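To start, the structure under review is shown below, and the notes come after it.
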Amino acid sequence: MKLYPSLSLLVLVALTTPAVLAGAPSAASPSSMVSASGLPGQGPLEGGDEEESQLLQNALDAVVAENIKADLRFIASDELAGRDTPSPGLKKAARYIRARLQRLGFTPGGLDGDFFHYYKMVRSKLDSEATRLTLKSDGETAELEFGEGYYFWPNGVTALQVTGEVVFTGQAHAADVAGLDLGGRWAFCFDSEIAWREREENCRERGAIGVIVASHPDDEDAHSERRAQGIARWASRGGLRVVTGATDEGGIFPTVYVSRATAERLMASRDKRVGDALDVTVTDLRALADGSEEMVLENVCGLWPGSDPELSKEVLIVSAHYDHVGENGDEIFNGADDNGSGTVGLMAIAEALAAHGPMERSVLLLWVSGEEKGLKGSEAWTLDPTLPEGMRPVANLNIDMIGRNAPNYLLITPTVDHPAYNGLTRMAERTAPLEGFPKLGSCDEYWERSDHRNFSVNLEIPVAFLFTDVHEDYHQSTDTVEKIDYDKIARVSRVVVRMLDHLQDMDVAQLQSDG
Amino acid sequence: MRPLHLLAAFLLAVPPAAQEHGSRGALGPGLDAIDSARIEADVRFFSDDMLAGRDTPSPGLRTAARFVRARLERLGFTPGAGDGFFHTYRVSVRRIDPELTRLVLRAPEDDASEDLVFGRDYFVYSSKHVMDVDVEGGLVACGDGTKAELEGLDLSGRWALALAGDTSVTRRARNVERAGALGLLVLTGPGGGDERFDERLERTAETATRGIVSLAKGKEARTATLPMVFLSRDASARVLALAGVRTAPAPGTELPLIAHEVRTGSGVVDVENVCGLWPGSDPELSREVLIVSAHYDHIGARGDAIYNGADDNASGSMGLLALAEALAAQGPLRRSVLLLWVSGEEKGLWGSGAWTEDPVLPAGAVPVCDLNIDMIGRNAPDSVLITPSPDHVAYGGLSRLVHELAASEGFRDVGSADAYWSRSDHMNFERNLGIPVAFLFSGEHADYHRQTDTAEKIDYDKIQRVTRLVFRVLCALQDDELSLQ
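Chains as they are written, first to last, in numbering that gives the first Met the number 0: chain A, 0 to 514; chain B, 0 to 484.
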């Protein structure tokens with residue numbers, strides 16, 4: 000008979016990462032040495048009384064790499080068909096998580112005793128015949144079909160017709176558009192390193208009706224004819240849009256991307272200066288095909304009520320998206336790292352809480368869907384949070400892709416260079432070394448790309464995002480379980496557990512000002 | 000069901016100490032690990048619509064198997080099927096895949112053709128005609144297909160075209176096959192085929208697209224040797240028009256058409272039993288394996304109607320998972336325990352048949368007995384049915400022990416399930432392995448094999464107690480010597 004697989008693995012783990020053995024009841028365990036001697040004067044890290052540190056130890060011990068592996072082998076199995084939003088595979092994943100929360104004695108975190116928070120999405124298809132971009136100048140009219148020299152992101156398409164003259168705005172930095180009156184006109188700009196949201200915001204503030212983006216003439220054409228055609232093909236599947244009471248259905252601010260050839264038509268000559276009006280009127284006409292389809296999606300919410308009568312009203316949220324990108328023909332995108340890893344890490348955190356017992360503050364574990372469609376699940380929840388009467392969210396920790404790359408490599412955003420920098424990041428920097436991550440790198444460039452963003456923007460609470468970076472299997476059918484570092488998922492999950500332990504009774508107002 | 004007074008008297012005769020079995024095997028923390036709230040969470044997953052009734056074979060069944068495997072892995076069980084947790088056997092699925100199936104009739108002269116769609120324009124007559132076909136040939140009219148009409152006709156390499164008429168379908172098929180035909184194409188028109196016939200064709204088409212499943216080895220369901228299709232009234236008219244005639248012409252007339260039919264979708268697939276081994280601690284006794292089994296399949300879905308099978312047998316399947324938790328909490332027993340979730344039960348005890356014909360156990364290990372649980376979550380809380388009962392020829396030490404211990408979990412009303420002796424998987428263990436078996440069952444009910452067998456009707460406390468009873472039996476089976484026969 001074979002050795003238990005868990006035994007052989009534990010031996011390996013012991014050789015590579017001493018922090019994993021923090022759970023062993025030995026006074027000389029590496030983690031306790033670090034926390035006792037390495038970080039003097041760090042308040043919550045000193046561990047409080049013996050009973051409290053025993054509770055934390057129980058919680059850390061409940062995070063077991065072998066269990067995480069078993070869960071991931073289910074979540075990333077072909078039977079779940081890549082967990083597309085929406086899909087039967089996604090529903091299977093949601094029910095698997097729910098069964099675990101029920102077993103562990105969590106309180107349903109949705110409405111009416113339900114573990115699911117439901118939100119609606121509409122799938123709308125473009126009427127590609129009627130959707131077009133029209134350029135009009137001096138008696139000359141060019142009509143471009145969608146995907147023919149221009150495109151827009153088809154996530155959440157709505158019908159619209161926007162017409163106006165065009166002003167050249169350089170790269171649409173705040174400095175570029177300062178002092179410009181873009182009222183009723185399109186802002187035409189070149190790509191730059193600034194985020195699309197910032198670009199839109201800068202132009203919208205000056206009164207623009209929309210943004211037209213092209214690659215800089217000196218750069219490679221990122222919005223080539225071929226790319227436009229590719230996006231048009233993708234759009235033919237239909238775009239998804241979240242429907243909530245809080246969403247303004249009519250008011251989307253259009254951004255269109257144009258190929259170099261189209262840009263040259265707009266510019267007429269290269270030597271335009273910022274603020275110059277281009278001698279052209281542009282109409283962006285988007286029409287929807289009949290028969291948009293409404294669907295109901297699920298976020299899974301497990302509430303772990305706090306023990307303190309006052310602090311329990313303040314809710315610490317830990318989130319991970321459990322959807323992925325589905326399948327394409329016979330090819331299944333299992334998404335073992337993205338975000339099977341965070342999904343099962345969050346399930347391990349649930350076990351840790353169950354082993355710990357109530358914390359002083361309440362904790363909400365939130366598995367969101369629709370992330371791959373544009374952070375839809377977290378958008379829906381943050382616009383319409385389901386928390387029991389009197390409770391309010393105070394912080395969000397988000398984990399997305401935490402199982403790949405070098406064992407000691409972990410990234411975080413917001414860093415000190417980011418405007419949203421806050422005390423959570425400093426806490427993570429102090430805590431992560433205890434779990435074998437000596438130094439955290441920056442993933443500020445991914446700020447817009449996972450769900451923490453919605454908690455920060457819509458709820459205005461401090462957030463931190465833990466991430467082990469992309470890799471060659473990212474969004475490929477090769478993102479599969481055998482490449483996953485389960486011990487790493489366990490250690491990132493323990494970082495979160497340690498942070499929750501600090502957060503349960505500290506002054507959370509301090510987090511914001513810590514930035 | 001037989002009256003219970005004899006049995007009750009028997010139970011009363013057992014001293015309370017013997018019922019607790021403190022002497023035979025200690026009950027440790029395992030018993031308390033069997034918890035009704037956890038069983039409920041599991042049953043709700045297992046009987047969810049997303050598992051689509053766990054048909055054999057189906058994606059829902061595979062999802063269910065992986066749910067069980069994940070738990071066994073978490074609990075530290077040893078893979079019980081050699082390399083992994085899945086013991087597989089093969090089933091053949093014959094179906095007509097509408098995507099890959101078509102009948103095209105074309106007039107070779109002028110390129111005109113009729114592309115007929117299965118299930119709308121044409122049908123098969125019976126499930127025997129769900130078979131792989133790829134035949135092409137001309138069409139020869141053969142009247143009603145009687146022997147007299149076929150006299151002297153050579154149909155070799157060609158389709159026989161007949162009008163739906165009085166001659167029996169099978170006789171007609173035999174006649175044209177003897178005359179060498181490739182296949183038989185039957186037109187329905189005025190005078191041929193009534194509405195009931197149409198309905199039958201539609202039903203057959205539905206069955207054919209869903210698939211006809213049989214064990215890949217042994218007695219495979221027979222298929223017809225001659226392809227035969229029935230055209231709808233509408234398609235019949237279109238085909239005649241294409242041929243340029245108004246009614247089926249006289250026998251022997253060659254029609255100016257080529258018919259090409261492709262029918263496919265058949266295949267062989269692997270189906271899984273899930274096996275979790277809990278190795279014993281005693282160097283000698285651990286070679287003796289106590290088996291506990293439950294089937295995890297159900298009967299699937301028909302169109303939109305899903306048969307969740309919460310009692311049949313999510314109850315037993317999830318009871319078995321609770322037993323796995325009990326063993327994990329208890330630690331090793333002296334003997335080894337194999338937990339076996341079998342599939343294909345609803346098709347005819349296939350999974351247990353496949354396993355017992357070719358048991359997968361560690362080298363040197365032998366199966367000792369089987370306790371089987373199937374439908375354990377309904378009816379009166381204090382009643383349970385057991386077979387073999389004292390009236391059954393197979394009654395012996397194992398079944399006596401189950402009877403003795405039943406009261407310790409609150410089952411005061413112990414009935415006989417002898418009528419179900421051949422209806423669940425224990426039968427295969429008895430028949431193929433010759434080992435003692437006992438079957439625990441909580442009885443049929445109005446929701447049996449209906450869509451209404453759902454999770455909210457389940458008595459989770461009852462599943463908990465039946466499972467604890469099984470755990471008590473396992474603990475009582477740890478003496479050096481067992482007399483189970």
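We put the CB at the ideal spot given by N, CA and C, even for glycine. What you are looking at is a predicted structure, and each value in this text was computed from that prediction instead of being measured.
Could you compute how far the alpha carbon of residue i sits from the alpha carbon of residue j?
i	j	result
A141 of chain A	G206 of chain A	26 Å
S155 of chain B	A180 of chain B	5 Å
G22 of chain A	N57 of chain A	For G22 of chain A, the predicted structure reports a pLDDT of 37, less than 50, and the residue's modelled location is therefore unreliable. A value from the coordinates is still provided. Distance between the alpha carbons of G22 of chain A and N57 of chain A: 8 Å.
L54 of chain A	H222 of chain A	54 Å
A354 of chain A	R334 of chain B	31 Å
E443 of chain B	V273 of chain B	26 Å
V90 of chain B	P384 of chain A	49 Å
E356 of chain B	S213 of chain B	17 Å
P304 of chain A	E428 of chain A	27 Å
P435 of chain B	L397 of chain B	7 Å
L97 of chain B	T208 of chain B	Looking at the sequence shown, residue 97 of chain B is not Leu but Pro. Computed Cα separation, rounded: 7 Å.
P357 of chain A	R97 of chain A	19 Å
G237 of chain A	G369 of chain A	14 Å
S382 of chain B	D412 of chain B	4 Å
G182 of chain B	E198 of chain B	23 Å
V491 of chain A	T453 of chain B	39 Å
M390 of chain A	L363 of chain A	11 Å
A260 of chain A	R61 of chain B	52 Å
P78 of chain B	L432 of chain B	22 Å
A518 of chain A	T106 of chain A	Outside the shown range of chain A, which is 0 to 514, sits residue 518 of chain A, and nothing can be said about it.
K312 of chain A	W366 of chain A	21 Å
A325 of chain B	D289 of chain A	56 Å
L59 of chain A	V496 of chain A	7 Å
D180 of chain A	A173 of chain A	13 Å
S126 of chain B	D113 of chain A	45 Å
F252 of chain A	F151 of chain A	11 Å
Nearest to residue i by CA position, among the options, is which residue?
i	options	result
F189 of chain A	A:T168, A:H470 and A:D504	A:T168
Y117 of chain A	A:K271, A:L382, A:H451 and A:L439	A:L382
R53 of chain B	B:D412, B:G318 and B:A309	B:A309
R105 of chain B	B:A215, B:E260 and B:L99	B:E260
G164 of chain B	B:R119, B:E148 and B:D143	B:D143
N515 of chain A	A:R131, A:V362, A:G435 and A:W233	The structure shown does not extend to residue 515 of chain A, since chain A spans only 0 to 514, so no value can be given for it.
G137 of chain B	B:R157, B:Y121 and B:D131	B:R157
R68 of chain B	B:A416, B:N431 and B:M317	B:M317
N404 of chain A	A:G148, A:S340 and A:L79	A:S340
F122 of chain B	B:Y394, B:T206, B:G409 and B:D369	B:T206
L481 of chain B	B:Q450, B:L289, B:A416 and B:M374	B:L289
P107 of chain B	B:A258, B:P380 and B:A178	B:A258
Can you give the beta carbon distance from residue i to residue j, rounded, assuming they're within the 8 Å contact cut?
i	j	result
V465 of chain B	I385 of chain B	About 10 Å; that fails the 8 Å criterion.
K336 of chain A	D478 of chain A	Correcting the residue type first, residue 336 of chain A is Asp in the shown sequence and not Lys. Yes, D336 of chain A and D478 of chain A are in contact; Cβ-Cβ is about 5 Å, under 8 Å.
W332 of chain B	G279 of chain B	The question names Trp, but residue 332 of chain B in the sequence shown is Leu. The Cβ separation is near 6 Å, so the contact holds.
G29 of chain B	Q463 of chain B	That belief does not hold up - the Cβ atoms of G29 of chain B and Q463 of chain B are roughly 13 Å apart, past 8 Å.
D283 of chain A	V255 of chain A	6 Å
F85 of chain B	A63 of chain B	Not quite, the Cβ-Cβ distance comes to about 12 Å (not below 8 Å), so this is no contact.
A140 of chain B	L254 of chain B	7 Å
R122 of chain A	L239 of chain A	5 Å
V401 of chain B	V472 of chain B	6 Å
S285 of chain B	V341 of chain B	S285 of chain B to V341 of chain B, Cβ: 23 Å. No contact.
I67 of chain A	A431 of chain A	Not quite, the Cβ-Cβ distance comes to about 18 Å (not below 8 Å), so this is no contact.
Three-pair Cβ contact test at 8 Å for the stretch 284-298 of chain A versus the stretch 197-204 of chain A: no
Name, going along the chain, the residues of the stretch 94-108 of chain A whose beta-carbon falls closer than 7 Å to a beta-carbon of chain B. R94, Y95, A98, Q101 and R102
Given a limit of 7 Å on CB to CB distance, which residues of the stretch 168-187 of chain B reach chain A? none
Taking three-plus beta-carbon pairs below 8 Å as touching, is the stretch 414-424 of chain A in contact with the stretch 350-370 of chain A? no
Using a Cβ-Cβ cut-off of less than 8 Å, list which residues of the stretch 67-90 of chain A approach chain B; keep chain order. K68, A69, D70, R72, F73, S76, E78, L79, P87 and K90
Name the residues in the stretch 46-62 of chain B whose C-beta lies less than 7 Å from a C-beta of chain A; which are they? D47, M49, P58, R61 and T62
Any contact of the stretch 140-159 of chain A with the stretch 259-268 of chain A, i.e. 3+ C-beta pairs under 8 Å? yes
Closer than 8 Å between beta carbons: that is the criterion. Which residues of the stretch 31-44 of chain B meet it against chain A? A36, R37, E39, A40, D41, R43 and F44
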